[in-house]
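Student:
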Amino acid sequence: MIFNIQRYSTHDGEGIRTIIFFKGCPLRCQWCSNPESQSSGPSLMYDRRICKNFGDCINTDPDAITPGSTGIHINRSAIPDPLKFRDRCLSRALTVSGENKSVEELLLEIDKDMPFYHQSNGGVTLSGGEPLSQGSGLIALLQELKKRNIDVSVETSLHVNWKKVERCLGLIGTYLVDLKHVNEEKFRFYTQGDLGLVLTNLRKLAENKENIIIRIPVIPGFNHTEHEMQNIIDFAANLTPVKEIHFIPYHTLGIEKYAMLGMDYVFESKKPVDPTELKGYTRYTQTKGLIIRIGG
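Residues 989 to 1284 in our numbering are what the sequence shown spells out, letter by letter.
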């Protein structure tokens, strides 16, 4: 299941790219900018700011949605299948994030951008969510892209069983690995994940001599200190295939999505990280002989 296809992107890989965003993620990063990607199923999103109170959503399921003084109230626990609300809201205040697309449907979208790939050395980037957690359809897509000689990058946390990664070897050109921390306790508290799984997979990926770019999200209160960042950089620099590190400054661009999903955003009080705050990190990275980029 995907929740977005972004075209003509010049980030997240070389050249002009088509980015396919998959739903479903094993982590619960407290600063996640795509919270709609966490669930593997469809997500109901409600933007109170543009609600016109037409009432079509209430008529669709009056037990789950009721009128209020400033819009509607949604009992999400009473909605096992949000898909019934797709295209019901004329004002687009209530939308469903996520839809199933076949490999053939995705290839039709990708084929439209082929001229841009050839002109710019671009290609397709798989994002999410966690693309490597997807089922057999992912491999079928990767095999078809390989047949078409389309460059593929994947944005991944590597928080999956190694077999999920191993099946992709030889089918992905570049792994954009999100390395958040190297402290197990902090990683578990802020992401609900297993750091050991990530680091083991990263070492195995390096042993297979895959093309790896490390991406470090710079998150205040989590890893935004000289000591923590140097530890992360040191780990990355010791992986032979790693020649490049991207620093991704924390931002709040996804904050409205939490309200639309009925979720709390615990990082609401944190200020965005200005790129000028990264000078110490970039200087240290340069001492390791690595290429640096700020942003995707």
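Even glycine gets a Cβ: it sits at the ideal position worked out from N, Cα and C.
I'd like to check one pair, P1208 with K1258: are the Cβ atoms closer than 8 Å?
Tutor: In the sequence shown, counting from the first residue as 1, residue 1258 sits at position 270. In the sequence shown, counting from the first residue as 1, residue 1208 sits at position 220. In contact: K1258 and P1208 (Cβ atoms closer than 8 Å).
Student: Taking only runs of the beta strand (DSSP E) that begin and end inside the segment 997-1038, which ones reach a length of at least 3 residues, in chain order?
Tutor: Complete beta strand (DSSP E) runs here, min 3: 1005-1010, 1031-1034.
Student: My output table needs one value for R1176: the three-state DSSP class, helix, strand or coil.
Tutor: Looking up residue 1176 in the sequence shown gives position 188. Residue state, collapsed to three classes: helix.
Student: Spell out the partners DSSP gives F1235 in its beta bridges.
Tutor: In the sequence shown, counting from the first residue as 1, residue 1235 sits at position 247. The partner list for F1235 (beta bridge, DSSP) reads I1204, I1282.
Student: Let me know if F1177 comes out buried or exposed under the rule of 16 or more other beta-carbons within 10 Å of its beta-carbon.
Tutor: To locate residue 1177, count along the sequence shown from 1; it is residue 189. Burial call: exposed.
Student: Is the beta carbon of P1014 closer than 8 Å to that of E1154?
Tutor: Locating residue 1154 in the sequence shown gives position 166, counting from the first residue. Locating residue 1014 in the sequence shown gives position 26, counting from the first residue. No, the pair does not count as a contact, with Cβ atoms beyond the cut-off.
Student: So, do the segment 1239-1248 and the segment 1181-1195 have three or more beta carbon pairs nearer to each other than 8 Å?
Tutor: The segment 1239-1248 is not in contact with the segment 1181-1195.
Student: To the nearest angstrom, how far is it from the Cα of L1144 to the Cα of A1194?
Tutor: Residue 1144 sits at position 156 when you count from the first residue of the sequence shown. Residue 1194 sits at position 206 when you count from the first residue of the sequence shown. It is worth fixing the name first, because residue 1144 is Thr in this sequence and not Leu. For T1144 and A1194, the distance between alpha carbons rounds to 14 Å.
Student: Is R1281 closer than 8 Å to E1232 when the C-beta atoms are compared?
Tutor: Position 244 of the sequence shown, counted from the start, is the residue given in the question as residue 1232. Position 293 of the sequence shown, counted from the start, is the residue given in the question as residue 1281. Result yes, Cβ atoms of E1232 and R1281 sit closer than 8 Å.
Student: Taking contact to mean 3 or more Cβ pairs, one atom from each stretch, closer than 8 Å, check whether the segment 1027-1046 and the segment 1068-1077 are in contact.
Tutor: The answer is yes - the segment 1068-1077 touches the segment 1027-1046, with three or more Cβ pairs under 8 Å.
Student: Whole angstroms are fine: how far does the CA of N1063 sit from the CA of K1134?
Tutor: Translated into the one-based positions of the sequence shown, residue 1134 becomes position 146. Translated into the one-based positions of the sequence shown, residue 1063 becomes position 75. So the alpha carbons of these two residues sit roughly 44 Å apart.
Student: Given K1011, which residues of its chain have a CB within under 6 Å of its CB, disregarding the five upstream and five downstream residues?
Tutor: To locate residue 1011, count along the sequence shown from 1; it is residue 23. Hits under 6 Å: M989, F991, S1025, S1028, G1086, G1117.
Student: Provide the residue span of the alpha helix (DSSP H) that contains E1092, from first to last.
Tutor: Counting from one through the sequence shown, the residue named residue 1092 turns up at place 104. Here the alpha helix (DSSP H) through E1092 covers 1091-1099.
Student: In three-state terms, what does DSSP make of T1048?
Tutor: In the sequence shown, the residue the question calls residue 1048 occupies position 60. Three-state result, T1048: helix.
Student: CA-CA distance, L1278 and G1268?
Tutor: Locating residue 1278 in the sequence shown gives position 290, counting from the first residue. Locating residue 1268 in the sequence shown gives position 280, counting from the first residue. Distance between the alpha carbons of L1278 and G1268 is about 14 Å.
Student: Whether or not the segment 1087-1103 and the segment 1043-1059 are in contact is what I'm after, with contact meaning three or more pairs of Cβ atoms, one per stretch, closer than 8 Å; do they touch?
Tutor: No contact exists between the segment 1043-1059 and the segment 1087-1103.
Student: Is it buried or exposed for T1006, if we count other Cβ within 10 angstroms and need 16 for buried?
Tutor: Numbered from its first residue, the sequence shown carries residue 1006 at position 18. When all chains shown are included, T1006 counts as buried.
Student: Check whether the segment 1054-1062 touches the segment 1035-1045, taking contact to mean three or more Cβ pairs, one atom from each stretch, closer than 8 Å.
Tutor: With the cut-off at 8 Å, the segment 1054-1062 and the segment 1035-1045 touch.
Student: Just the C-alpha distance for F1235 and L1266, rounded to the nearest angstrom, thanks.
Tutor: Within the sequence shown, residue 1235 is the residue found at index 247, counting from 1. Within the sequence shown, residue 1266 is the residue found at index 278, counting from 1. If you take the alpha carbons of F1235 and L1266, they lie about 8 Å apart.
Student: Express the C-alpha separation of E1002 and E1198 in angstroms, rounding to a whole number.
Tutor: Position 210 of the sequence shown, counted from the start, is the residue given in the question as residue 1198. Position 14 of the sequence shown, counted from the start, is the residue given in the question as residue 1002. Going by the C-alpha atoms only, they are around 16 Å apart.
Student: Do you know offhand how far F1175's Cα is from S1124's?
Tutor: Your numbering for residue 1175 matches position 187 in the sequence shown. Your numbering for residue 1124 matches position 136 in the sequence shown. Each residue's Cα considered, the two are about 29 Å apart.
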